[in-house]
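Enquirer:
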Amino acid sequence: MADFPFDSVGFDLDGTLLETHRDLGTAVNHALEHGGFDPVPVESATDLIGGGAKIMLKRAVDAQGGLEHEEFRRLYKVMLGYYSENNAVHTRPYPHALEVLDELAGRGVRVAVVTNKFEGFARQILNTLGMIDRFEGVIGGDSLGKDADGKYIAKPAPGPVLKAREVCGGGSIAFIGDSSYDVKAARAAGVPVVAAMYGYCDGTAEELGADAAIDSLRGLIPALERL
Numbered sequence: 127m128a129d130f131p132f133d134s135v136g137f138d139l140d141g142t143l144l145e146t147h148r149d150l151g152t153a154v155n156h157a158l159e160h161g162g163f164d165p166v167p168v169e170s171a172t173d174l175i176g177g178g179a180k181i182m183l184k185r186a187v188d189a190q191g192g193l194e195h196e197e198f199r200r201l202y203k204v205m206l207g208y209y210s211e212n213n214a215v216h217t218r219p220y221p222h223a224l225e226v227l228d229e230l231a232g233r234g235v236r237v238a239v240v241t242n243k244f245e246g247f248a249r250q251i252l253n254t255l256g257m258i259d260r261f262e263g264v265i266g267g268d269s270l271g272k273d274a275d276g277k278y279i280a281k282p283a284p285g286p287v288l289k290a291r292e293v294c295g296g297g298s299i300a301f302i303g304d305s306s307y308d309v310k311a312a313r314a315a316g317v318p319v320v321a322a323m324y325g326y327c328d329g330t331a332e333e334l335g336a337d338a339a340i341d342s343l344r345g346l347i348p349a350l351e352r353l
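Counting with this note's numbering, you get residues 127 to 353 for the letters of the sequence shown.
(1) Please state whether DSSP places I279 in a helix, a strand or coil.
(2) Quick check: the Cα distance between A336 and D304, rounded to an integer number of angstroms?
(3) Would you mind reading off the limits of the beta strand (DSSP E) that contains R236?
(4) Could you check the C-alpha separation between K180 and D259 for me, to the nearest Å?
(5) Which residues bound the beta strand (DSSP E) around I302?
(6) Let me check understanding here. Comparing Cα to Cα, which of G151, G207, T217, L206 lies closest to A186?
(7) Give the straight-line distance between the Cα atoms of G297 and L288, rounded to the nearest whole angstrom.
(8) If you draw a straight line from the C-alpha of G256 to the C-alpha of L270, how long is it?
(9) When you compare each of D138, V168, E197, Q250 to G162 by their alpha carbons, which one comes out closest?
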């Protein structure tokens, strides 16, 4: 640990550790077709990701006129049902992901996942890919329950990042993610954040305003060492 500035590192999942847009886009299209909407190009799913599956589907539906609340809820459940059975068909770790996790482990740095994907889905995917045992914990969009307004406590709220630090045993933590949700959550939690610009970013590096930005996971550890 003497040669590394953090006790632990938290990772966003979609667009940071894993390339997931093909499976997510296919699930969105399944729901859209079920609801009588036109499908979207699967590659365009990269523009929809951010904030969780519900927001992703809502963006696609709203672009075609939208739905009433109860009708959208039914369509959302269709999407979740399909995704639960088809969430690791094309999903793969980004280049250098496993090497980075191995190097952090070799340095005694603990790691956790913080995602707005439901925890069950995240664990299922990581288990299918043989990665689940690398992490001290997986904090999903539903892991911390709901707030007083009935909304899940998820990014950009700080709670999930703070929970990641807790499950990693406390101490100093840095966070890496590809969206404004990730940067805002880290900022609210008071921890350094690195922007994964190779992911499904919803802004430029300047707009995201992270402490550092990388174009590949190969650059993560050097970036963290400079913070």
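For glycine and all other residues, C-beta sits at the position ideal for the given N, C-alpha and C.
Expert: Quick look at the numbers:
(1) Along the sequence shown, read from residue 1 onward, the residue named residue 279 stands at position 153. In the structure shown, the three-state DSSP call for I279 is coil.
(2) On the sequence shown, residue 336 is found 210 positions in, with the first residue counted as 1. On the sequence shown, residue 304 is found 178 positions in, with the first residue counted as 1. Rounded to whole angstroms, A336 to D304 spans 10 angstroms at the Cα level.
(3) Here residue 236 refers to the residue found at position 110 when the sequence shown is read from its first residue. It spans 236-240 - the beta strand (DSSP E) in which R236 sits, taken as one unbroken run.
(4) Here residue 180 corresponds to residue number 54 of the sequence shown, with the count starting at 1. Here residue 259 corresponds to residue number 133 of the sequence shown, with the count starting at 1. When rounded, the distance between both Cα atoms is 28 angstroms.
(5) Sequence index remark: in the sequence shown, residue 302 carries index 176 (1-based). Segment 299-303, the beta strand (DSSP E) holding I302.
(6) Along the sequence shown, read from residue 1 onward, the residue named residue 186 stands at position 60. Of G151, G207, T217, L206, the residue nearest in Cα terms is G151.
(7) Reading the sequence shown from its first residue, position 171 is the one you call residue 297. Reading the sequence shown from its first residue, position 162 is the one you call residue 288. Going from the Cα of G297 to the Cα of L288 covers about 11 angstroms.
(8) Taking the sequence shown and counting its residues from 1, one reaches residue 256 at position 130. Taking the sequence shown and counting its residues from 1, one reaches residue 270 at position 144. The alpha-carbon atoms of G256 and L270 are separated by roughly 25 angstroms.
(9) Taking the first residue of the sequence shown as 1, we reach residue 162 at position 36. Measuring from the Cα of G162, the nearest candidate turns out to be E197.
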